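*Asks:* Residues 146 to 362 in the numbering used here are what the sequence shown lists, from first letter to last.
Cβ coordinates follow ideal geometry from the N, Cα and C atoms, glycine included.
No experiment lies behind these values; they were computed from the predicted model shown.
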Amino acid sequence: MPQVDSPAIDLAIEKWVTGPTTNISHEIGKPILIHIFQVNCPGCFTHGIPEIIEVHNQFKDSPLLVWGLATAFEDFHHNNLENLNKLIQTGEVVGETLEVLNTQGLLNNNRLDYRLPFPIAWDKITPYQPVDYLLETEKFIAKDFPQFESFPIKNQKLISNQVLGYLKQKKISAETFESYQLKGTPSTLLIDREGVLRGKWFGSGYGLEKEVGKVLI
């Protein structure tokens, strides 16, 4: 997993839906801002994507590259390539995104009144078929519970059982989302000209304009 201030790894991309086929290692020399979202994610469309569009427009005459990466770690009947294509081609939204944006008066005939102005890729979604569930449980705990060994034995067993249960019912892996150990959507990655990960944020409102300015110096 890439840590902030360490080299970024290439995105695992199943398909570039819009824009040229490229990746982080192909764009050394240019800073990159990558916004990770799900189609069925109201917060992505009320806060995350509008923020990224604003940054894109502000820095459109700079060397900054802005990419969107649609992923799926839940609600696969909504979060899929078919609905991503509808979103890009017609602005049509689905699921909870549709409900929330309609309630807020942000749609026109169930569609966004704008288009995503930057290249969009689809995360590589693969079946989750681990060889050793216990080993995967240990990895998951090490990642999400760094103080695990200091917990009471009773709590350790409870966490282990819950994680094991979660992994046994898990069917799908979103490779980029998991390789960067993102906490949810919307999330944003910022990579500098040397290909070093300089920022990783979950949510919005972190002052991205200022952070982008740092990597453009």
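1) Quick check: what's the CA-CA separation for I233 versus D337?
2) Note down the Cα distance separating H223 from Q292, rounded to an integer number of angstroms.
3) Would N228 be called buried (16 or more neighbouring beta carbons within 10 Å of its own) or exposed?
4) Would you report the Cα separation of G340 and P176, rounded to the nearest angstrom?
5) Looking at the unbroken alpha helix (DSSP H) that takes in T360, where does it start and where does it end?
6) Below 8 Å between beta carbons: does that hold for P147 and I154?
7) Express the C-alpha separation of L303 and W290 in angstroms, rounding to a whole number.
8) To which residues of the same chain is R334 closer than 6 Å at the C-beta, ignoring the five residues directly before and after it?
9) How is the beta strand (DSSP E) around H180 delimited, first residue to last?
10) Mind checking T235: buried by the 16 CB within 10 Å criterion, or exposed?
11) Could you give the residue range of the alpha helix (DSSP H) that holds L243?
12) Restricting to Cα atoms, I'd like to know which of Q203, L342, L261 is closest to V360.
13) Out of curiosity, what's the CA-to-CA distance linking G188 and F221?
14) Is it buried or exposed for E196, if we count other Cβ within 10 angstroms and need 16 for buried?
15) Given this structure, state the Cα-to-Cα distance separating V308 from F218, to the nearest angstrom.
16) Are the region 266 to 280 and the region 238 to 246 touching by the rule of at least three beta carbon pairs closer than 8 Å?
17) Looking at the structure shown, is I158 part of a helix, part of a strand, or coil, going by DSSP?
18) How long is the line joining the alpha carbons of N202 and C186, rounded to whole angstroms?
19) Can you give me the start and stop residues for the beta strand (DSSP E) that A215 sits inside?
20) By Cβ distance below 7 Å, which residues in the same chain neighbour S349 in space, the five residues on each side in sequence not counted?
*Replies:* According to the structure data:
1) Annotation: I233 to D337 spans about 27 Å, alpha carbon to alpha carbon.
2) 36 Å
3) buried
4) If you draw a straight line from the Cα of G340 to the Cα of P176, it is about 8 Å long.
5) This sequence places Val at residue 360; Thr is not what is there. Taken as a continuous stretch (DSSP letters only), the alpha helix (DSSP H) holding V360 covers 353 to 361.
6) yes
7) The amino acid at residue 290 is misidentified as Trp; the sequence shows Phe. Approximately 13 Å, taken between the alpha carbons.
8) One detail in the question is off: residue 334 reads as Leu in this sequence, not Arg. Cβ neighbours of L334 beyond the five flanking positions: I179, K345.
9) 177 to 182
10) exposed
11) 240 to 248
12) L342
13) 17 Å
14) buried
15) 16 Å
16) no
17) strand
18) 23 Å
19) 210 to 215
20) Excluding its 5 nearest sequence neighbours in each direction, S349 has C-beta neighbours in its own chain below 7 Å: H192, G193, E196, P331, listed in chain order.
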